[in-house]
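A.B. asks:
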Amino acid sequence: MNRPGPYSGLLANSTLCQHKGWLLGWNALSHVSRLHNKHVTQVSPELQGGAGMDFVKHRGGCHCGAVRFEVWSSPNLHVFDCNCSICTKKQCHHFIVAKNQFTLLQGLDSLTTYTFGTHVSQHTFCKTCGVQSFFIPRSNPDGYGIAPHCLDPGTVQSSTVEKFCGEKWEESMEAHKSIRDMSRPVPDTVDERK
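Following the UniProt record's numbering, the numbering of the sequence shown begins with 1 at its first residue and continues without gaps.
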């Protein structure tokens with residue numbers, strides 16, 4: 001798996017957040033789409049507590065095409081819908097991967113970054129079209145939040161969308177510590193199948 005480059009939990013219930021019609025804390029909704037591309041990689045059994053995991057190479061980018069990336073992740077995405085101040089404004093939905101699962105293919109000069117508050121989150125977006133394809137989330141500064149709607153069609157089999165109460169970020173992170181494990185590096189030893 002070639003992943004170098006300059007940008008290189010189970011469901012839980014909580015009553016932490018009841019804001020603007022949000023369901024209680026973390027609740028899941030399922031959305032299924034068709035898997036067209038079956039280039040799958042089997043990750044070693046040491047990952048995710050002994051269970052092997054199938055990964056696919058997703059590709060994607062911004063609207064104007066200046067920014068392109070690839071990311072290794074499951075074809076079954078676990079997407080977060082956060083209601084913190086910035087995620088609400090930009091309608092940010094994202095799934096989390098380790099830095100070694102992400103490669104920026106083109107567009108480094110087309111990117112700019114916005115930070116605020118703790119300045120841990122790096123909200124990176126295209127200077128031309130304004131689309132945020134990926135960013136470094138506060139919850140996982142050792143990984144990336146990838147916008148599933150910026151992926152090219154054909155590699156996503158399903159996605160589960162989970163509400164996250166970003167308005168009470170510290171409490172939410174304390175209650176759901178497994179989110180930090182989502183950016184744990186993936187072993188480099190994989191068996192690529194064609």
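We put the CB at the ideal spot given by N, CA and C, even for glycine.
CB-CB under 6 Å to N76, same chain, minus the five flanking residues each way: which ones, in chain order?
C.D. replies: Counting only Cβ-Cβ distances below 6 Å, and skipping sequence neighbours, we find Q157 and S158.
A.B. asks: So is S139 buried or exposed if we call it buried at 16+ other beta carbons inside 10 Å?
C.D. replies: buried
A.B. asks: What's the C-alpha gap between V161 and L111?
C.D. replies: 27 Å
A.B. asks: Classify H58: buried if its beta carbon has 16 or more other beta carbons within 10 angstroms, exposed otherwise.
C.D. replies: buried
A.B. asks: Counting C-beta neighbours from all protein chains within 10 Å, is the total for K99 16 or more, i.e. buried, or is it exposed?
C.D. replies: Buried, by the Cβ-count rule.
A.B. asks: For a minimum of 3 consecutive residues, which ranges assigned as the beta strand (DSSP E) are wholly contained in the UniProt domain "CENP-V/GFA" (58 to 170)?
C.D. replies: List check, beta strand (DSSP E) in window: 68 to 73, 76 to 82, 93 to 98, 102 to 106, 111 to 114, 123 to 126, 143 to 146 and 158 to 164.
A.B. asks: For F95 versus V79, is the C-beta spacing smaller than 7 Å?
C.D. replies: Against a cut-off of 7 Å, the Cβ pair of V79 and F95 comes out as a contact.
A.B. asks: Three or more beta-carbon pairs under 8 Å between the stretch 135 to 151 and the stretch 112 to 121, yes or no?
C.D. replies: Yes, they touch.
A.B. asks: Which residues in the same chain have their Cβ closer than 7 Å to the Cβ of L105, if we skip the five residues on either side of it in sequence?
C.D. replies: If we look at L105 and ignore the five residues flanking it on each side, its Cβ neighbours are R68, F69 and E70.
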